[in-house]
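Participant: Okay, handing you the structure first.
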Amino acid sequence: MTTTTKAVGAPLARIEGPEKVSGRARYAAEYPVDGVAHGWIVPSPVPRGRLTAVVADPTGDTMAVLWHGNAPSLAAVDDPELAVLQSDRISYRGQPIALVVADTLEAARRAAQVLHLEIEAEEHETVLRADHPGVYEPETVNPGYPAATVHGDVETALATADVTVDVTYSTPALHNNPMEPHATIARWDGDDLTLYDSNQHPSGVAATVGEIFGVDRVHVITEHVGGGFGSKGTARPNAVLAALAARVTGRPVKVVLPRQAMFSMVGHRTPTLQRVRLAAGRDGTLSGIDHQAYSQTSRLYEFAEQTAVVTRHMYAAPHRRTGHHLLRLDMPTPRWMRAPGEAPGMLALECAIDELAEKLGMDPIELRIRNEPSAEPESGVAFTSRHYVECLRRGAERFGWSGRDPRPARRREGDWWIGTGVAGATYPTMAQPSTARVRALPDGTFEVAIGATDLGTGARTILVQIAADALDVAPERVRIRIGDSTLPRASVAGGSSGSASWGWAVTGACRSLRDTGRDEVTFDSTELVQRQETEGRHAYGAHFAEVRVDAVTGEVRVSRLFGMYAAGRILNARTARGQFLGGMIMGMGMALHEEGVLDPAMGEWVNHDLAGYHVPVHADVESIEAAWLDETDDRINPMGSKGIGEIGIVGSPAAIVNAVWHATGIRIRDLPVRLDKILDGLPAS
Amino acid sequence: MKTFAYRTAVTPADGLEPGAVFLAGGTNLVDLMKLGVATPDVLVDVNKLPLDEIADLPGGGLRIGAGARNSDVAADPRVRRDFPVLSEALLAGASGQLRNVATTGGNLLQRTRCRYFMDASKPCNKHTPGSGCPARDGDHRDLAILGASASCVATHPSDMAVALAALGATVRVDGPAGRRVIPVTGLHRLPGDTPERDTVLEHGELITAVEVPPLPFAHRSTYRKARDRASYAFAVGSVAAALDVHDGVVRDVRLAWGAVAHRPWRAFAAEERLRGRPATRAEFTAAADVELAAAEPLRDNAYKINLLRRMTTAVLERLAEGARR
Amino acid sequence: MRLTVNGTEHVLDLDPRTTLLDALREHLGLTGAKKGCDHGQCGACTVLLDGRRVNSCLLLAIAHQDSHVTTIEGLDGHPVQRGFLEHDGFQCGYCTPGQICSAVGMLDEVDRGWPSAAADDDPLSDAEIRERMSGNLCRCGAYPHMVPAIRQAAGR
Ligand SMILES: Cc1cc2nc3c(=O)[nH]c(=O)nc-3n(C[C@H](O)[C@H](O)[C@H](O)COP(=O)(O)OP(=O)(O)OC[C@H]3O[C@@H](n4cnc5c(N)ncnc54)[C@H](O)[C@@H]3O)c2cc1C
Ligand code: SF4
Ligand code: FES
Ligand code: FES
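Protein chains in written order, with the UniProt record's numbering: chain A, 1 to 685; chain B, 1 to 325; chain C, 1 to 156.
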């Protein structure tokens, strides 16, 4: 029996939509668990020092106050931040140093507020500086690239070029801030541990927590996740603390992070300082590119963001150099945030390119096209597909770029200065090994099971589409089960690799079931994924922005934002649009609003809530569109799909910053662009 | 949040109990209680008191009950017609949800958004007198340029209060010492050495109403707010103004600024300078400069001087243009 | 303590510190209203209190015993919910119940002639909808899909 349906590519509505709009969809903290107690984390009030004693109010209505003086010991794992309550050492302000458990949330929160802590505070350092003597070059940057690369002789290229650009851009600490805070409910039944946990990787969280507690059976349930953007990629302290407290008290325990804690123990995007130098001929041909990135990590471990890696394959140039430099500070460990590396890296590179276009008097799109490489410039490997130039050209048409006066501060409409900007986008196409299982059920439906998660990406729906096509049945006949660590092991929902990784396994399982006629097939994609050849696998795009800058106040609004992408086969046009637009909106936040404001003396980002840390609101998002080319790439995976979850935030900030320059003539090189940085330079009306 | 006793106020005098604090909409108080910054022993809920009326005053003024919700005041046809600056200021503040709950009295008495104040784990002279003012060397981009002291550079965050200050409104208070009337411009103190006290109110004093006196030219009044995103953000600077121009000359003007001081800042000196002068851009800027001459900016908030100068000029120009039409 | 939610009166024994949001989520099993910030800064906890949209995280349950609370669970197939489904007005779904309750309250405000800072002639223009909905953050950035959903629910 075959059908001619083609589910993949169709704009299928989200399967879990009715649950989400009715409030029935359950997130981690929302499971009814009998006898659940509430845990409240006590954050360190100092950035560095030793916790010597914790004195709880003996009259307090708490069940337990856990700290390193009384907490059971845990096995160490790769991530030292998960060794909670194991040592007296305080490595950053906001680090969990105690946990109060009480019958009610109200009692736990109050007891935590008044808990008496004895701390020996030590001198701390919290400011990233390129000239700090402690700056060092890591061996590798995430997820394993060499920290530095050199090809040819950049210095000579710079010294002999017709035109050069030498600029430093800086980006502040950025905070993922998914709307659902990290949360866990932990329950022990003997040595069996159940965790309702908000994360991007139930299989991984189960393995990690199992290792920490030395138990085999950890069941992680992650049916719905209120966003993560990288911050939920691995188990976070809330999961370990809930399990620890449940073990100690013998009660199920719920630990939900308050929003303020979302700025410390769940990671953030590192601040960066980036120096970009470009050498070019009069015709715009680049002869040299140098991109040096400085970022920070914590005392706990080395997290080295791959900020400048993107420059290794974006534009052609014979002489090139990239490098990464790290400084350890008494600050929380940076982790992944949507397009880690590419997002800040492309801000610096794409703004520098715009500055070069200005110097050359050349259209910034033409300049980019002039430097299109035929293969990855550093590695020499071929691209599986690259339609960057098409994105720039077609995007320019759609946006209405032609006829743009290249000179800044020329367009004034009423109270506003108007400008437009462009920037490129790219994101690597990745896949990780996963396993999927499919069963033919007696009622003629098929059950597809994989330990994947849907953070709002549409993964649940897309996997149904993929399975339907691989089985040659209508999507209505496919039932999907995800979000549970007891299902076949899946890779993390990260690196825009979820659909590719899980879809690969699901395709394998379904095709095999169809071809063999068996009732049940489990398929592990490890071998196929590892057999991939070394090729340049990337998605591309171009972002276009039109901004208006208030001629009086310097307030910036984005009137239009447009993204044109070439990202392989689009599996679901409806959810894909959401992914692209969502990334672009976060890019707008990065360009204009978001900043962790560091108080060096406190050693903390002091604006740690959603009133102080601004993310875009409805009113910030005016006309915004995404479109894509029909790109076929059969070399990447069976679906021909590239990741789309992150590319929207790559380059969109640069397009906006470049548009602000075009509107006003002001180059803002330290993000975010805000009125206080613009005001003094505004052109006279 | 510390435990507290909860009582419903039946008369204004119910707030006299030691450790008692009035609860109106709670959008600021409950927030601060959760943070451990406000720790009342007794919450006296004033929502059942009949304080939510908006009534006409003889001659064209309005009495706005302390319990009137921000959204109701903003939508009131009389407010919109006679005092648009007030409606606009309210609509520029917070969000639809918050305005539905926030009251006139609570809005006036909301506390600073200084980040150190809102964090009980940090020093702050306002929440813990004598502990110091980390904002001075730390994060103060949003804080005061006028009237601040060595002990505190906080700003009052209200938008509504700026409009009321410009309109010359008064606050009616009922308390242990009887009733009194305080001008909105005199309600909030400057921080001096005692930043822990925001206002001149004594313990147990209840705001019952705000009175907006008749001001015929206020039908041509407006509020402009600069902020870091398009909506749902506190002001980094704001201007409330009403202008009366006759034959190209400023007959009268009302001007107040927000987000620059510990109180809504009525720009008396600027007003004084403008009266009787030509309604021109240059004069508007000069008037703003007279007021700003007293500014003492910190490392990161000097931009507010330029911001206020430019906004004031633009707002007055716009009003003057409207008068010409 | 009494609470009337979606037409049902509940009698509860709660700590006076309990917010309306925590009463709903932790004591009544109504987890549709979400906690995104607990401080009035995100709108995820939006419910209707006597028909008006409010942030339930900043209300003490004890102070609202005489009110009628409507949560997302009490909106059964409302046009706003249908609009969100048709226009894919969400991604992760965590802000969604708050967005929907907020939109329901907002449309009522428009009906009553309430102004907004957008000050457009058409109170349901896209700019008006955006301004009026700005008290609800969506970190997934599903805003562009919500505006047509709300417009449709308003009968536009
Ligand atoms: C996220 C967020 C954003 C906001 N944005 C803005 C903004 O942009 N602009 C703006 O102006 N405001 C903004 N606000 C603040 C909001 O306007 C205030 O919280 C609100 O106006 C306070 O009113 P309330 O009735 O809720 O006061 P409550 O919280 O009930 O009370 C505040 C204080 O006033 C006292 N009080 C209340 N009523 C009386 C009375 N009648 N007599 C004596 N004392 C009384 C209380 O004891 C308490 O100390 C925002 C708030 C939040 C949470
Ligand atoms: S400015 Fe005032 S409120 Fe802020 S820290 Fe200093 S004393 Fe406290
Ligand atoms: S949880 Fe109430 S506004 Fe965020
Ligand atoms: S849908 Fe995820 S926060 Fe709005």
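For glycine and all other residues, C-beta sits at the position ideal for the given N, C-alpha and C.
For the region 183-250 of chain B, which segments carrying the beta strand (DSSP E) assignment without a break, of at least 3 residues, lie completely within its bounds, in sequence order?
Facilitator: You should have 206-212, 221-227 and 235-246.
Participant: Hey, would you say CYS138(C) sits closer than 8 Å to ARG259(A), going by beta carbons?
Facilitator: Here residue 138(C) refers to the residue found at position 138 of the third sequence. Here residue 259(A) refers to the residue found at position 259 of the first sequence. Against a cut-off of 8 Å, the Cβ pair of ARG259(A) and CYS138(C) comes out as no contact.
Participant: Give the single residue among ILE212(A), GLY495(A), ASN238(A) and SER203(A) whose Cα lies nearest to the Cα of THR184(A).
Facilitator: Residue mapping note: residue 184(A) aligns to position 184 of the first sequence, counting from 1. Closest by alpha carbon: ASN238(A).
Participant: Where LEU111(B) and ALA226(B) are concerned, what is the direct C-alpha to C-alpha distance, given to the nearest angstrom?
Facilitator: What you label residue 111(B) is simply residue 111 of the second sequence in a count that begins at 1. What you label residue 226(B) is simply residue 226 of the second sequence in a count that begins at 1. A small correction: the amino acid at residue 111(B) is Arg; Leu does not occupy that position in the sequence shown. Each residue's Cα considered, the two are about 20 Å apart.
Participant: Count Cβ pairs between the region 27-44 of chain B and the region 672-685 of chain A that sit closer than 8 Å; are there 3 or more?
Facilitator: The region 27-44 of chain B is not in contact with the region 672-685 of chain A.
Participant: At least one CB of chain A closer than 8 Å to the CB of residue 329(B): is that the case?
Facilitator: Residue coverage of chain B in this structure runs from 1 to 325, which leaves residue 329(B) outside it and unanswerable.
Participant: Using the Cα positions of LEU292(B) and LEU91(B), report the straight-line distance between them to the nearest angstrom.
Facilitator: Position 292 of the second sequence, counted from the start, is the residue given in the question as residue 292(B). Position 91 of the second sequence, counted from the start, is the residue given in the question as residue 91(B). When rounded, the distance between both Cα atoms is 27 Å.
Participant: Is there a Cβ of chain C sitting closer than 8 Å to that of ALA259(B), yes or no?
Facilitator: Translated into the one-based positions of the second sequence, residue 259(B) becomes position 259. Not an interface residue.
Participant: When burial is assigned at 16 or more other CB atoms within 10 Å of the CB, is TYR388(A) buried or exposed?
Facilitator: For the purposes of this step, residue 388(A) is taken as residue 388 along the first sequence, with counting starting at 1. By the 10 Å Cβ count, TYR388(A) comes out buried.
Participant: With DSSP run on the structure shown, which of helix, strand or coil describes PRO344(A)?
Facilitator: Along the first sequence, one-based indexing puts residue 344(A) at 344. Helix, per DSSP.
Participant: List in chain order the residues whose CB is within less than 6 Å of at least one heavy atom of ligand 3.
Facilitator: Selection output, chain order preserved: LYS35(C), GLY36(C), CYS37(C), ASP38(C), GLY40(C), GLN41(C), CYS42(C), GLY43(C), ALA44(C), CYS45(C), ASN55(C) and CYS57(C).
Participant: Using C-beta distances below 8 Å, list every residue in its chain close to VAL62(C), excluding the 5 sequence neighbours before and after it, in chain order.
Facilitator: Taking the third sequence and counting its residues from 1, one reaches residue 62(C) at position 62. Contrary to the premise, residue 62(C) reads as Ile rather than Val in this sequence. Once the five neighbours on either side are set aside, the close Cβ partners of ILE62(C) are MET1, LEU14, PRO16 and THR18.
Participant: For the beta strand (DSSP E) containing ASP549(A), list its first residue and its last residue.
Facilitator: Taking the first residue of the first sequence as position 1, residue 549(A) is located at position 549. Rather than Asp, the amino acid found at residue 549(A) in this sequence is Val. That run of the beta strand (DSSP E) goes 538-550.
Participant: From ARG479(A) to ASP443(A), what distance separates their C-alpha atoms?
Facilitator: Counting from one through the first sequence, the residue named residue 479(A) turns up at place 479. Counting from one through the first sequence, the residue named residue 443(A) turns up at place 443. So the alpha carbons of these two residues sit roughly 12 Å apart.
Participant: Taking ILE100(C) as the query, report the chain F residues whose CB atoms sit under 8 Å from its CB, ordered along the chain.
Facilitator: Looking for chain F here will not work: the only protein chains present are A, B and C.
Participant: Skipping 5 residues on each side, what residues in its chain have a beta carbon closer than 8 Å to that of VAL209(A)?
Facilitator: Working through the first sequence from its first residue, we reach residue 209(A) at position 209. Answer for VAL209(A): LEU193, LEU195, VAL218, VAL220, ALA235, ALA239, VAL240 and ALA243, listed in chain order.
Participant: Drop a sphere of 10 angstroms on the beta-carbon of LEU286(A), count the other beta-carbons inside from all chains shown, and report buried for 16 or more, exposed for fewer.
Facilitator: The residue you call residue 286(A) lines up with position 286 of the first sequence. Classification of LEU286(A): buried, given that the 10 Å Cβ count is 16 or more.
Participant: Who does TRP628(A) pair with in a DSSP beta bridge?
Facilitator: As a position in the first sequence, residue 628(A) is number 628, starting the count at 1. In DSSP, TRP628(A) forms a bridge with TYR565(A).
Participant: Can you tell which of LEU20(C), ASN6(C), HIS87(C) and ALA142(C) has the C-alpha that lies nearest to the C-alpha of PRO616(A)?
Facilitator: On the first sequence, residue 616(A) is found 616 positions in, with the first residue counted as 1. The shortest Cα separation from PRO616(A) among LEU20(C), ASN6(C), HIS87(C) and ALA142(C) belongs to ALA142(C).
Participant: Does chain A have any CB closer than 8 Å to the CB of ASN28(B)?
Facilitator: Here residue 28(B) is taken as the residue at index 28 of the second sequence, counted from 1. It does not; no Cβ of chain A falls within 8 Å.
Participant: From this set, ARG368(A), GLN296(A) and ILE369(A), which residue's C-alpha is nearest GLY341(A)'s C-alpha?
Facilitator: Working through the first sequence from its first residue, we reach residue 341(A) at position 341. For the residues ARG368(A), GLN296(A) and ILE369(A), the minimum Cα distance to GLY341(A) belongs to GLN296(A).
Participant: So within the region 144-177 of chain A, which uninterrupted alpha helix (DSSP H) runs reach at least 4 residues, ignoring any that extend past its ends?
Facilitator: The qualifying runs are 154-160.
Participant: Quick check on the DSSP output: what are the complete beta strand (DSSP E) runs of length 3 or more inside the region 592-654 of chain A, in order along the chain?
Facilitator: Here the runs fully enclosed are 623-628.
Participant: Going by the CB atoms, is the gap between ALA144(B) and HIS219(B) shorter than 8 Å?
Facilitator: Here residue 219(B) refers to the residue found at position 219 when the second sequence is read from its first residue. Here residue 144(B) refers to the residue found at position 144 when the second sequence is read from its first residue. No, they are not a contact pair.
Participant: What residues of chain B sit near PRO16(C), judged by a beta carbon separation below 9 Å?
Facilitator: Numbered from 1 along the third sequence, position 16 holds the residue referred to as residue 16(C). Here the neighbours are THR3, PHE4, ALA5, TYR6 and LEU43.
Participant: Going by DSSP in three states, ARG404(A) sits in which element: helix, strand or coil?
Facilitator: Position 404 of the first sequence holds residue 404(A). Here ARG404(A) sits in coil by DSSP.
Participant: Give the DSSP-derived three-state secondary structure of GLU120(A) in the structure shown.
Facilitator: The residue given as residue 120(A) occupies position 120 in the first sequence. Strand, per DSSP.
Participant: Run down chain A in chain order and give the residues with a C-beta less than 8 Å from the C-beta of CYS45(C).
Facilitator: Working through the third sequence from its first residue, we reach residue 45(C) at position 45. Within chain A, no residue comes near CYS45(C); the closest Cβ sits about 11 Å away, beyond 8 Å.
Participant: Could you give the first and the last residue of the continuous beta strand (DSSP E) run that contains TRP114(C)?
Facilitator: Looking up residue 114(C) in the third sequence gives position 114. Element bounds for TRP114(C): n/a, residue is neither H nor E.
Participant: By Cβ distance below 6 Å, which residues in the same chain neighbour CYS57(C) in space, the five residues on each side in sequence not counted?
Facilitator: The residue labelled residue 57(C) in the question sits at position 57 within the third sequence. Excluding residues within five positions, the ones whose Cβ falls inside 6 Å are THR19, LEU21, ASP38 and CYS45.
Participant: Answer yes or no: the CB of TYR294(A) versus the heavy atoms of ligand 2, is any distance below 7 Å?
Facilitator: For the purposes of this step, residue 294(A) is identified with residue 294 of the first sequence, where counting begins at 1. TYR294(A): no, Cβ never under 7 Å from ligand 2.
Participant: Quick check on DSSP: helix, strand or coil for LEU124(C)?
Facilitator: The sequence position of residue 124(C) within the third sequence is 124, counting from 1. The answer is coil: DSSP assigns LEU124(C) none of H, G, I, E or B.
Participant: If contact means a Cβ-Cβ distance below 7 Å, which residues of the region 317-330 of chain A contact chain B?
Facilitator: Those residues of the region 317-330 of chain A that come within reach of chain B (Cβ to Cβ, closer than 7 Å) do not exist; the list is empty.
Participant: Taking the DSSP output, what are the residues bridged to HIS325(A)?
Facilitator: Position 325 of the first sequence, counting from 1, holds the residue named residue 325(A). Per DSSP, TYR294(A).
Participant: Near HIS384(A), what residues of its chain come up, given a Cβ to Cβ distance below 6 Å and the 5 sequence neighbours on each side ignored?
Facilitator: As a first step, residue 384(A) must be located in the first sequence, where it is residue number 384. Reading off the sequence, residue 384(A) comes out as Thr, not His. The residues are GLU535, ARG537, ASP633, ARG635 and ILE636.
Participant: What would DSSP say about THR553(A), mapped onto helix, strand or coil?
Facilitator: The sequence position of residue 553(A) within the first sequence is 553, counting from 1. THR553(A): coil per DSSP, three-state reduction.
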